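Before any comments, here is the structure.
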């Protein structure tokens with residue numbers, strides 16, 4: 003068993019935001035496993051096998067990748083962004099934990115990448131300039147009560163908040179509920195940023211306030227940033243100063 | 003006034019973790035401004051001017067960079083990691099806000115990069131696999147009371163916690179105080195990771211528990227990750243599953 007598995011991220015979209023280390027890991031692979039649109043960002047050679055799958059079968063995809071590695075293949079599991087942030091790396095280790103004990107002896111590595119909130123922040127200035135947190139708004143794998151508890155704690159402690167997976171066709175109303183909750187704690191003037199397709203050629207920013215924020219502005223490709231009490235605009239940029247007041 | 007300013011990050015250390023977009027921005031610059039050790043990571047051409055400075059003069063460095071851009075130069079301000087996370091981007095916008103009103107018309111951009119916590123997480127598996135927060139433990143620019151309030155909120159809401167700037171010669175005891183506080187809220191068995199020089203050739207990991215965590219293990223180049231209640235080891239990796247229980 004001399005196969006290997008590396009989990010890589012393509013970054014937020016533009017090829018220039020994928021690290022050379024991730025590109026090299028993909029080039030060394032015999033097999034590429036991932037959600038189709040992420041694999042589409044990568045140019046495969048004729049001798050590389052492509053295993054594309056749907057977006058909602060992470061554990062199945064992880065098991066397939068581990069099986070291939072256990073059979074001696076060199077597998078790259080391709081995520082968007084950074085694979086360790088709301089992406090495939092955790093799914094791989096879940097599959098290791100619940101799967102064939104031999105998988106624990108495999109050569110498994112993770113390559114870091116540029117995650118969406120960093121690209122979204124860079125589009126508008128430096129809104130993550132102070133302490134911040136990242137919360138996935140998807141309740142597929144955790145309860146909505148847990149999400150509300152974390153939003154409340156983050157708002158009360160005045161973190162900048164980055165929301166991943168803010169909305170999907172199956173969950174159109176949760177972002178609006180999150181804004182309603184945050185409005186009971188934070189100032190109406192708090193900057194709220196909707197950054198769609200951050201770090202890609204189609205990037206689009208809507209900057210508004212918490213009072214005016216409309217959950218319907220977000221979709222699967224949107225990253226939402228809600229400022230801390232100090233977050234503000236200067237010129238056409240939005241940033242959070244390093245000082246607390 | 004046709005100068006420009008771009009804030010770039012070199013990533014966590016290995017050149018292969020700097021994005022091609024950041025490298026291209028550096029190559030286009032006439033002037034490079036930054037802390038000496040970060041500038042040392044970049045190969046300058048003979049026609050590029052190097053403006054190195056000490057680590058503790060961010061605002062002064064930001065003003066120098068803005069003045070150069072206002073005089074028509076194309077300036078790259080070079081940070082480590084991602085420039086928007088506890089690095090130079092916020093300092094640039096602070097300097098814009100408090101400086102020459104003409105600076106608000108400048109062409110200023112931020113290039114995202116791989117920040118230290120992502121590289122640290124990748125060294126050990128996927129500890130940032132759930133909701134997480136990033137807190138700078140430096141009280142140069144905010145009060146220790148604010149830091150304690152955020153640590154408490156993050157622990158109670160069961161975020162994974164990444165600590166930047168955990169210790170320095172001037173602040174040798176704060177990480178120990180942070181662990182003492184977290185021990186009053188979180189389980190003794192909570193995984194704690196000290197990742198030094200993550201994403202560089204000298205990367206070194208110490209994995210321990212909250213009960214055993216010793217603040218003296220950290221220095222300026224260490225990133226500390228404190229797990230959520232679900233963070234655990236499988237084989238030689240540590241990860242946070244996507245499910246909450």
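Residue numbers (my numbering), protein chains in the order written: chain A, 3 to 247; chain B, 3 to 247.
Ideal placement from N, C-alpha and C gives every residue a C-beta, glycine not left out.
In this text the structure is predicted, and so the values were computed from the model without any measurement.
- The beta carbons of residue 112/A and residue 130/B sit no closer together than 8 angstroms.
- Taking a Cβ-Cβ threshold of 7 angstroms, none of the residues of chain B is close to residue 150/A; the smallest such distance is about 10 angstroms.
- If the five residues before and after residue 19/B are omitted, its C-beta is found closer than 7 angstroms to the C-beta atoms of 13, 116, 121 and 201, all from its own chain and listed in chain order.
- Membership of residue 55/B in any alpha helix (DSSP H) is not indicated; the residue belongs instead to the beta strand (DSSP E) covering 51-55.
- Annotated three-state conformation of residue 217/A is helix, per DSSP.
- For residue 170/B, there are no neighbours in chain A by C-beta distance under 9 angstroms, as the nearest C-beta there is about 16 angstroms away.
- The DSSP-derived three-state label of residue 143/A is coil.
- Here residue 161/A carries a coil assignment [DSSP, helix/strand/coil].
- When DSSP states are grouped into helix, strand and coil, residue 228/B belongs to the strand group.
- Straight-line spacing of the CA atoms in residue 149/B and residue 91/B works out to 21 angstroms.
- Around the C-beta of residue 100/B, fewer than 16 other C-beta atoms lie within 10 Å, and the residue is accordingly described as exposed.
- Residues of the same chain with a CB within less than 7 angstroms of the CB of residue 170/B, apart from the 5 flanking positions on each side, are 222 in chain order.
- By the C-beta density criterion, residue 243/A is buried, having at least 16 other C-beta atoms within 10 angstroms.
- In the displayed model, residue 95/A falls within a helix according to three-state DSSP.
- Cβ neighbours of residue 125/A within its own chain (closer than 7 angstroms, five residues either side excluded): 197, 200, 205 and 207.
- Apart from the 5 residues on each side of it in sequence, residue 114/B sits with its Cβ closer than 6 angstroms to the Cβ of 84 in its chain, given in chain order.
- Within 10 angstroms of the beta-carbon of residue 160/A lie 16 or more other beta-carbons, which makes it buried.
- Distance from the Cα of residue 95/B is smallest, within the candidate group 142/A, 127/A, 213/A and 151/A, for 127/A.
- Contact between residue 32/A and residue 75/A holds, with the beta-carbon distance rounding to 5 angstroms and staying under 8 angstroms.
- The alpha helix (DSSP H) runs of length 4 or more contained entirely in the segment 56-111 of chain B are, from start to end of the chain, 60-72 and 90-100.
- In the three-state reduction of the DSSP assignment, residue 202/A falls in the coil class, being assigned neither a helical nor a strand state.
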